[in-house]
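Engineer: Quick one: this structure, given as structure tokens, is what I'll be asking you about.
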Amino acid sequence: MAASLHFPSASSCPLPTFSRLMSSPLSRAAKSRPFLLAVSSFPNPDPKSAAGPWSRSYAASPDTTAAASVAFPSGRKSLSLGEITRPDFPILNQVVNGSKLVYFDNAATSQKPVALLKALNEYYESCNSNVHRGVHYLSAKATDAYEEARSKVAKFVNAMDRREIVFTRNATEAINLVAYSWGLSNLNTGDEILVTVAEHHSAIVPWQIVAQKTGAVLKFVGLTKEEVPNIDQLKGLLTKNTKLVVVHHVSNVLGSFLPIDEIVVWSHDVGAKVLVDACQSVPHMIVDVQKLDVDFLVASSHKMCGPTGVGFLYGKINLLSSMPPFLGGGEMISDVFEDYSTYAEPPSRFEAGTPAIGEAIGLGATIDYLSSIGMETIHNYEKDLAKYLYYQLSSVPNLHIYGPAPSETVDRAALCSFNVENIHPTDIATFLDEQHGVAIRSGHHCAQPLHRALGVNSSARASLYFYNTKEEVDAFIQALKDTIDFFTSTL
Ligand SMILES: Cc1ncc(COP(=O)(O)O)c(C=O)c1O
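Numbers in my numbering are just positions in the sequence shown, counted from 1, shifted up by 53.
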């Protein structure tokens, strides 16, 4: 079925309504230091070739259950979602070090569609002003647009109430907000915080700090032999002392999914709250906070095609209402006296100072863009891409991919972290970039405890998004084989 999709018509700055809202230990090499590459860079021939259209419509199916490709009549090849959406991302249309850029570092940050660039431009051209403070036209316009962005985020994750969305700088700040506000006022000596060894540092370090301050104990869930967090162990570690469970939804290293709905039921049974790090799920699939019944959930805009500098915390309204402020200053108060202050209701209570107004509005425009494609369409396409990436990579000799193999019952995110016997991942990433224009990540991906549990210090990671294609996976695999040949022939 072919249908027409249109970008949201750039209404990022609505007219003011004046109704103000609220107020394997596989590779020894992976444990060693990288080689110093003696490889010269090719010049970048034409970075300007990135120019693309500012707005367009494309044929795709907004029907979220439909396959993520479009069949044309008369036997023409159908286009994949990657091919359809590619022109929306002009940055991808460039030559890097003599080759067509293949951007496979999306788990670190995603690229930005023209719909966002246009929304940001429009905001700064026509409504830039501070929010919640001014009575003038521009301030009202900016306030309305900013609060509309909050409503869009709330709808996107199906929050019951838009006041449950707090804008933060990123997911890291959102976790720190919960740690310093909820954690410091609810945790006591002997209380337990349960995390998995596969958490991002952002979901570990704030709890170490809070544990040190409160006397609470941080407990870690390990991995199974399939290299996924051991859910049985997690269940077994839940006791009446467990006050908080902090888990990722999708692992940024293993590509595995955790059964959040079950974890929430088990945790609530012992009276523990659940914080979900949804940085790698919200950009790629439908996430429904009410269905999952999570207490807190965090995500970053920049990983979901939105701007940097903004992220959000979802928190159940009764929890947010009971929490003290995280940061003090303007915007978060009700009244300020010389010796004390009273605080605003959530979400303002947690948004001290001038927020990232343009960025939040940009996130709203990005959500319009993602929704116009459909999150289920994106998820279905990426599931297919994930399998293709996994199996193509598995065919490379002496290469180990971390995490589970995809199967009928096991889905993987479209990312693979891997090591190649006797070649340091940073050498792989450097050679791929300098010789083939392929961007992947190497290192510990902010998951050192996980890498230790896997028996390595670092790995290479290729992470894809809906604008990537199987042809790019082929180019990456070819480039990787060339890289391995280079290093094995010089050994
Ligand atoms: C699973 C996960 N959690 C948390 C973060 C932290 O995100 P940010 O740096 O945007 O706060 C990341 C970023 O890589 C991530 O992948």
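Note that beta-carbon positions come from the ideal geometry of N, C-alpha and C, so glycine has one too.
Can you tell me where the beta strand (DSSP E) holding R494 begins and where it ends?
Structural biologist: 494-496
Engineer: Among the candidates I218, L328, L307, A232, whose CA atom is the shortest distance from the CA of V363?
Structural biologist: I218
Engineer: Assuming contact is defined by CB atoms lying nearer than 9 Å, are V318 and V300 in contact in what I supplied?
Structural biologist: no
Engineer: Distance check for A193 and A38, CA to CA, integer angstroms please.
Structural biologist: Past the edges of the chain, shown from 54 to 544, lies residue 38, and the structure says nothing about it.
Engineer: From the DSSP output, in three-state form, read off F539 for me.
Structural biologist: Note: F539 maps to helix in three-state DSSP.
Engineer: I'd like to confirm the pairing. Which residues does DSSP put opposite C332 in its beta bridges?
Structural biologist: In the DSSP output, where bridge partners are listed per residue, C332 has none listed.
Engineer: Closer than 8 Å to a non-hydrogen atom of ligand 1 - does that hold for the CB of S255?
Structural biologist: yes
Engineer: Would the beta-carbon of S542 be found less than 8 Å away from any heavy atom of ligand 1?
Structural biologist: no
Engineer: Could you check which residue in H337, S448, A352, G368 has the C-alpha nearest to that of A256?
Structural biologist: Per the Cα distances, A352.
Engineer: In three-state terms, what does DSSP make of S304?
Structural biologist: coil
Engineer: Report the rounded CA-to-CA distance for V340 versus F540, giving the unit in angstroms.
Structural biologist: Computed Cα separation, rounded: 42 Å.
Engineer: In three-state DSSP terms, what is L442?
Structural biologist: helix
Engineer: Looking at I414 and A195, is the spacing between their C-beta atoms short of 9 Å?
Structural biologist: Remark: C-beta atoms of A195 and I414 approach each other more closely than 9 Å.
Engineer: Alpha carbon to alpha carbon, what distance is there between E175 and H489?
Structural biologist: Cα to Cα, H489 sits roughly 36 Å from E175.
Engineer: Please state whether the Cβ-Cβ distance between D329 and F349 is less than 9 Å.
Structural biologist: Rather than Asp, the amino acid found at residue 329 in this sequence is Val. Yes, the Cβ-Cβ distance between V329 and F349 is below 9 Å.
Engineer: Compare the C-alpha of T483 against each of R494, S179, G382 and name the closest.
Structural biologist: R494
Engineer: Quick check: does the Cβ of H497 come within less than 8 Å of any heavy atom belonging to ligand 1?
Structural biologist: no
Engineer: Smallest Cα separation from A212: which of K344, A528, E412, D486?
Structural biologist: K344
Engineer: Could you please give me the residues that DSSP links to P282 through a beta bridge?
Structural biologist: L276
Engineer: Please indicate yes or no: does the CB of N305 lie closer than 8 Å to some heavy atom of ligand 1?
Structural biologist: yes
Engineer: Are G275 and S470 touching if we call contact CB-CB under 9 Å?
Structural biologist: no
Engineer: Going along the chain, which residues of its own chain have a beta-carbon closer than 6 Å to the beta-carbon of V526, five neighbours each way excluded?
Structural biologist: Y441, L442, Q445
Engineer: I'd like to know if N305 contacts chain D, where contact means its C-beta is closer than 9 Å to some C-beta of that chain.
Structural biologist: In the displayed structure, chain D is absent; only one protein chain is listed.
Engineer: Any heavy atom of ligand 1 closer than 8 Å to the Cβ of S470?
Structural biologist: No, ligand 1 has no heavy atom inside 8 Å of this Cβ.
Engineer: What does DSSP give as the partner residue(s) for V248 in the beta ladder?
Structural biologist: F273, V299
Engineer: Roughly how many angstroms lie between the CA atoms of H567 and L145, to the nearest whole one?
Structural biologist: Nothing in the structure corresponds to residue 567, since the chain is present only between 54 and 544.
Engineer: So H453 is in the beta strand (DSSP E); what residue range does that whole segment cover?
Structural biologist: 452-454
Engineer: Tell me whether T249 is buried or exposed, calling it buried when 16 or more other Cβ atoms sit within 10 Å of its Cβ.
Structural biologist: buried
Engineer: Let me know if N371 comes out buried or exposed under the rule of 16 or more other beta-carbons within 10 Å of its beta-carbon.
Structural biologist: exposed
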